[in-house]
Amino acid sequence: MRRILTVFIALLTLSSALAQTKTVKGKVTDAETGETLPGVNVIVSGTTKGTTTDMDGGFSIDLGANETSLSFTFVGYKTNTVLVGDRTVVDVKLETDVQILEDVVVVGYGVQKKSDITGATGSVKGEELMRQPVLTATQAMQGKIAGVQIISSGQPGSSPQVRIRGVGTTFSGTNALYVVDGVLTDDISNINTADIVDMNVLKDASSAAIYGSRGANGVIIITTRKGTSGKLKISYNNNIGIRQAANLVQMANAAEYSNYVQAATGDAPPASLYNTDWYGAILRNAIEQSHNISLSGGTDKSTFLLNVGYLNDQGIVIDNTFKRLTIRMNDEYKINNILKFGLQSSYSNSVNQNGFNNLDIDAYGNIGSVYNDAYRSAPTIPSVVDGKYGNTSAYQNVGNPVLDIKDNDINVKENRLQGSTYLELKPTTWLTVKSSIGADWRNSLNRGYNYQFNNDNTTFVISGGNQYSSRSNLAVKNTQSFRWVWDNTATFSKKIDKSDFTFLIGATAEKFNLTSFSANRKDVPADQNLWYIGVGDANSSQNDGGGDAWARNSYLARLNYSYDGKYLITATIRRDGSSRLPSQNRWQSYPSVGVAWILSKEGFLQNQNLFDFLKIRASYGQVGNDQVSTNAYTNTVTQNKPYAFNGSVSPAVNGVQIDQIKDPNLTWERTGEYDLAVEFALLQSKLTGEVNYYDKKIENSLINKPLLTTWGYDLDHLILTNAASIQNKGLEVLLNWKDQINENWSYTIGANVTFNKNNVVALNGGEAIRGGGIGAAQGFTTLTDNGHPVGSFYVLKTIGVFNSSQEVIDYKNQDGTTIQPTAKPGDFKYFDKDDNGKIDDNDRVFAGSYQPVAYYGINIGVNYKKFDFSLSIYGNAGNKVYNGKKAVRVSGTDNIEKDLVYNRWTNANHTQSEPSANTGNQLASDYYVESGSFVRINNITLGYTLPASVLQRIKISSLRVYVTSQNLFTYKKYSGFTAELPGDPLNSGIELSAYPTTRTISAGLNIGF
Amino acid sequence: MKRTFLIRQALLYSLLSFFTVSCSDSFLDVPVQGGVTPASDPGLPLRLVTGVYSSLLQGDSWGNGDVHSFAFVSVTSIMSDDADKGSTGSDQAVPVGDIDNFTLTSTNKFCESLWNGHYNSIGAANIALEVLNDPSVDPEQRDILMGEMRFIRGYLYFNLVRMFGGVPLALRVPINAEDAKTDPAFNVRADTTAVYNSIAEDLQFAIDRLPLKAQAIKGHATKGAAQALLAKVCMYRGQWNKVFSLTDQVISSNQYSLLDDYATVWRQAGDNSNESLFEIQTGEFNNSNLNISNYTAPQGPRSGGKGGWNDLGWGFNDPSLSLINAYEPTDLRKEATIIFIDNSGTHKGTVLWDGFRVPSSDSVQNLYYNYKAYTSEAKEKYANPTDKDRPKNIKILRYADVLLMYAEAALHTGLGDADAKLNLVRDRAGLSPKSGITIDDVWQERHVELAMEHDRFWDIVRQGRAAQVMHDSGKANFEEGKHELLPIPNSQILLSNNQLEQNPNY
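So the protein lines, in turn, are chains W and H.
Quick note: the first sequence uses this note's numbering, first residue 64, plus one each step.
Quick note: the second sequence uses this note's numbering, first residue 23, plus one each step.
What follows is the structure in structure tokens.
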């Protein structure tokens, strides 16, 4: 039968091919209402030839030889392709498209129609991500999905931090899980954004529960592109631009500096001819570029895709670059009608120059210390004069920031192979069995070289100081890891009357291992071709090495049931086993259930014009977290704790210590989450949206609990244990408006906002956790305590500045004790909370946290004829940041911010908000706590697609040119570099040596052949 | 037919794969990579003992623990009348300046790191003592090793009681968290007497088991060290008869004598000499210095003014004028204790014992530095000589101290010959003998003989004249009844839910 049909179609095609050019006319109407549709695009299939319907929905178009079908597209309607045959009049009906809601969503071990989903998910399309000249897709996702907060430093090669629906743990395992074509990973810096079809985020516990213990921080599923059958497609995209620091802090110039230092210390700094702008000395306008070539195609038996990408990202700090080559091959083969085989594979090679800390070995050579030194260095010292460095360290014990960069060479190369292969068997219509094996192999080679140089006149303008390196040092480290995951699933689908069942069962196993080896030697010559360990002095050689391994094993099941397409229920369960937990706590089950009701399909909503789609859903699920180090519960003996029993002349005797107290009963963190939402489409689906409420509670949250040191030997006085409960409650609102005004104009406006309230509900054991220690006189700066968000700032409260000695004496507590007897006029007056007559840690108060009250994104797209324009805005509100770099000022010779020179308290200016000129060592107070709210134009892009008529002549099927800007403008209240400060929950939001936000302006083109 | 076959195949396949994936629970039994567990370490008891000695090198003064590092230097020396903070005015104004000026509070980081460092080592000693009970340990060896561990524990508590007064007496490893939380021993301060009794018990245990120096391996605690330390403990408690008999036993053991040259005592050549009873050992390991971090670098002479030389350190712990004035005119010990920076305007500089020339005062930050913390790049041996932080053995107990304790006890008890022992010490210092000596003579001799040796502050507190000495030397902030002790770290008080009581007036 099928064969006959094929022959018949072939004959038809043949007959039309023989026909001459003809004119086809017709009318396009709405399938439901019968109204005529003006402005519908009518295109001859397989060509770029086309027209649009007139005011009455009519059209007329010429068909050439071999042109057999027409395709009708119109915003808000489903595309309809019609075989013309030998007709000359073709009337077409278009069905309304609730396209957004009909999208297929990858939900983990399967796909589902978006409208059938009972949990909270959100997705971004690859082309939307591609528009932004950023390194990782994660960063491009910023502001696109409600409930997903992305905190990015912007440093080349860095990975942004993702927080889905608030902070759920105080331990470092807060990042979301990525699933790239089925391979579980925690880092996607190897994935070329151009490879991505879409990123889908499983936000709530009910949708993430299928990932059980891996889902506590949300799951981001990435699907990469595949080839499509048809003719070979070749495309090339590029982007080239310039990048610079977007917000710099204005430091005092030489005159202002001298004035301030004189006032603070009584001694003016030595007179100087120089006026150095240290940030100017270490920063540059950087060039960023990326190129992508893609080949794809296939037959009905097999498809293929080859994508090659190259990215070269200069850092804004001199000498810092990141380069990455990625190659992806995604192939799929239909062996026969029931068996399918597929492969997704990617290779990436990256080279990071001077972006890393010099392994763990040396203090110099990371961008952080460079920034810190640039903030502190005196403007009266030159940066470089005739090839010699200004000697900041001889004057003020701060390294010359330019030399901080030039005195070392740190190179990190990574090779990574990641992919998965699967075999899918579909023996009947109702059963699919799939087995897939994914693997991720990484190899990184870190090499750090520190040049030898003296603090004499050959290096510096004047000799002396502490910035020198008497012996060169070469350090290398090789790390290799391999992870495999084997998923086996069987999916049963059956439709009986109005009931639709899909039942999935599966089992997965996953194993990871890692080994590392490092070595270093001194006295390696400065020529780069000699930078090998064997060249160095063997008497200085040191080496180290270690490893890690863990395994997980899980069983999962999911039932999707829908009745009449209106009543939906999803139930999942996953049973997880993890080697990271002690055997008595090793296995745990994570259930979830979600229900939804599509009201718009009910009879009582059929006779209304408001809602095209209306759905309410509710779910509850549990997920877990086992992200602790593999030795977290096992007592281990720390090796190499020697003692020189034989004196200084012979090698020491080796010993050991048991220097960590472990919790032998460590168990899973458990998150339970309720989710309630309504999804809707209004006004011919021009307006779509979603309102989501969630309440998520994490029990047994893993925390590093401080220990009394008298309890026993624990080097860091912290024990990792399950002792906290944390709650996140929030509301997400998502609205999208999409309209086509006429044939030339169409636009979309999307907005999303998330309100989140984070709260520590209980610290079992009672001890609040201190964090954010930043040295100097500051001590700790955050406290995680009951009733407050995780990592809340906890500092003294300033209540003004003393104007006179008398005011100092008069500032007394109730008992008449002078509270700050050693204070001088111009010093801060602190609030004595406990009224005990002295200022100490007991007087600290809560002063907000880094966790925003709300974060939001606005995304606008406009198309006019061949022009496209898009604008995306991202912001957060209601959080605080701690100006740590300002707070750690410990020396009277450190430079200061320009504002302080003019706004400070003086005898003439009795300001109550700034202290007098001082030498630093200020206490941790709300003076350093500033608003973290900001709004930013994340991306603005203008593109132009060249008309097909022009392109046809040069054998190009499509060509678009565009200009774009990333982070064009940021409005923030914070006085520092950036209010976006990634960090672990207890220490986040403290700006010590942050990489400033960068602004990129670039142009590019997309060509298809 | 064909279809049924395929279905069966598929089911078989899927069942097979499920089975394979779930093969067994042992899949999840992944041992810790690179993590030696107590069970898998056969030489554990002996190696743990070495680890306890190693913990005495803790030098994370601004962090997790300090036993003999910068924080120790600060509270034993900089705080006393022997030395000033030094360096530049604002350098380490917090926490060191606060210690020097008695403006310190309970959040002083150095006080906290000392408390934590000492309890770290005590915890390590308690673990070793527990593991030494293992039947696999040779009984004879066990006795000695346990003696060493209790010597170290006693020494650490002696430091703690002198710094903080009564402290929690953690003498065992808690069984579990509940035990640690509920047993007051781990959470509440014992009174001073109880702490002293425990120290005396530990040291007596050590005296009964440890060998004489001649039979012991270098660096290990010995019977003589335990006797001398117990003598010192008894001296702080005013038990003069015991002081006398213990010091007398040490002297008559014939294991110890004074070195001919005083200056050698604190050089590498004087390490583990006949004069030494107990010292913290440093050396080399893994091609690097094995030292107390932040001991020599903080105390090294610091470049200043015109600079232009590779200085030796940060310039802290500078001998004070009151120390300089304490020496008799011909005392050899003065030049051996203090590096005097050339301030004559002749730019001769100061040439040290190994030939190293420190420039004159216009290129140096301060005028006086601690010679006893000086290390010689030219004449001494280090794995990594270019590092300013070098190995330096800290002489905790030496024979001169024993002789002076004997003399003081002799005066109190009327036993023995106080003059003779004191004059042994004076003789080496190039001073004429004294006769009919008084307690004040002994105290004066202790001051200059043990200057900059981490003894002075505790000594004047013991002598009950701390306030007077401090005020005389210009430290007006010293409050009697408060500053004899350091504040209990506020962080620990909070963690104990205020079960730990603060010292008076803090």
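Note that beta-carbon positions come from the ideal geometry of N, C-alpha and C, so glycine has one too.
All values derive from a computational prediction rather than experimental measurement.
- Pairing W/Glu795 with W/Val741, the inter-Cα distance amounts to about 11 Å.
- For the pair W/Gly501 and W/Asn478, the Cα-to-Cα distance works out to about 17 Å.
- For a Cβ distance threshold of 7 Å, residue set Asn142, Gly145, Ala146, Ile149 of chain H lies close to W/Tyr776, ordered along the chain.
- W/Thr521 has its alpha-carbon roughly 23 Å from the corresponding atom of W/Gly511.
- Per the Cβ contact rule, the region 67 to 77 of chain H is in contact with the region 137 to 154 of chain H (3 or more Cβ pairs under 8 Å).
- Within the region 852 to 905 of chain W, the runs of beta strand (DSSP E) that reach at least 3 residues and sit entirely inside it are, in chain order, 855 to 858, 861 to 864, 891 to 893.
- The bridge partners DSSP lists for W/Thr552 are W/Lys497, W/Gly569.
- For W/Gln459, the closest of H/Gly85, H/Asn294, H/Gln387, H/Arg259 by C-alpha to C-alpha distance is H/Gln387.
- By the Cβ test, the region 318 to 335 of chain H is not in contact with the region 613 to 632 of chain W, since fewer than three Cβ pairs between them sit closer than 8 Å.
- Taking the CA atoms as reference points, W/Asn819 sits about 33 Å from W/Asn435.
- Every alpha helix (DSSP H) of 4 residues or more that sits fully in the region 474 to 513 of chain H is shown, in chain order, as 478 to 484, 488 to 494.
- Around the beta carbon of H/Ala248, 16 or more other beta carbons sit within 10 angstroms, so the residue counts as buried.
- At a cut-off of 8 Å between C-beta atoms, H/Trp84 counts as an interface residue with respect to chain W.
- Of all alpha-carbon atoms in H/Ile361, H/Ser454, H/Val380, the one lying nearest the alpha-carbon of H/Lys370 is that of H/Val380.
- For W/Lys704, the nearest CB of chain H lies under 8 Å from its own CB, placing it at the interface with that chain.
- For W/Ala695, the three-state secondary structure derived from DSSP is coil.
- Taking a contact as a CB-CB distance under 8 Å, the pair W/Gly1071 and W/Ser298 counts as one, their CB atoms being some 4 Å apart.
- Contact of W/Ala886 with chain H is not assigned, every C-beta pair being separated by 8 Å or more.
- Taking CB atoms only, H/Ala431 has no neighbour in chain W less than 8 Å away.
- The region 143 to 218 of chain W is shown to contain whole alpha helix (DSSP H) runs of 4 or more residues at 162 to 165, 189 to 193, 200 to 203, in chain order.
- Its Cα nearest to that of W/Ser655, the residue W/Ala681 stands out among W/Ala744, W/Ala814, W/Ala681.
- About 14 Å separates the Cβ atoms of H/Leu191 and W/Leu771, ruling out a contact at the 8 Å cut-off.
- Contact annotation, H/Ala105 with H/Phe132: C-beta distance approximately 15 Å; criterion of less than 8 Å not satisfied.
- No Cβ of chain H is located within less than 8 Å of the beta carbon of W/Asp878.
- About 6 Å separates the CB atoms of W/Ser617 and W/Arg637; that is less than 8 Å, so the two are in contact.
- When beta bridges are read from the DSSP output, W/Ile1000 appears opposite W/Ile936, W/Phe1032.
- In the assembly as shown, W/Glu732 is a buried residue. Its beta-carbon has 16 or more other beta-carbons within 10 Å.
- A distance below 8 Å between beta-carbons, with the five flanking residues on each side excluded, links H/Ser279 to the following residues of its chain, in chain order: Asn296, Glu297, Tyr421.
- When W/Ser1051, W/Ser933, W/Ala971 are compared, the shortest CA-CA separation from W/Met193 is found for W/Ser933.
- Counting only runs of 3 or more residues that sit fully inside the region 444 to 507 of chain W, the beta strand (DSSP E) segments are 471 to 491, in chain order.
- The Cβ atoms of H/Ser220 and H/Tyr258 lie no closer than 8 Å to each other.
- For W/Phe708, the residues of chain H that pass the 7 Å Cβ criterion are Ile239, Lys240, Gly241, His242, Gln303, in the order they occur in the chain.
- In the three-state scheme derived from DSSP, where H, G and I count as helix and E and B as strand, W/Ile379 is classed as coil.
- In this structure, W/Tyr1037 places its C-beta atom within 8 Å of the C-beta atom of W/Ser994.
- For W/Gly527, there is no enclosing alpha helix (DSSP H), as DSSP gives it neither H nor E.
- Between W/Thr730 and W/Asn785, the CB-CB gap stays under 8 Å.
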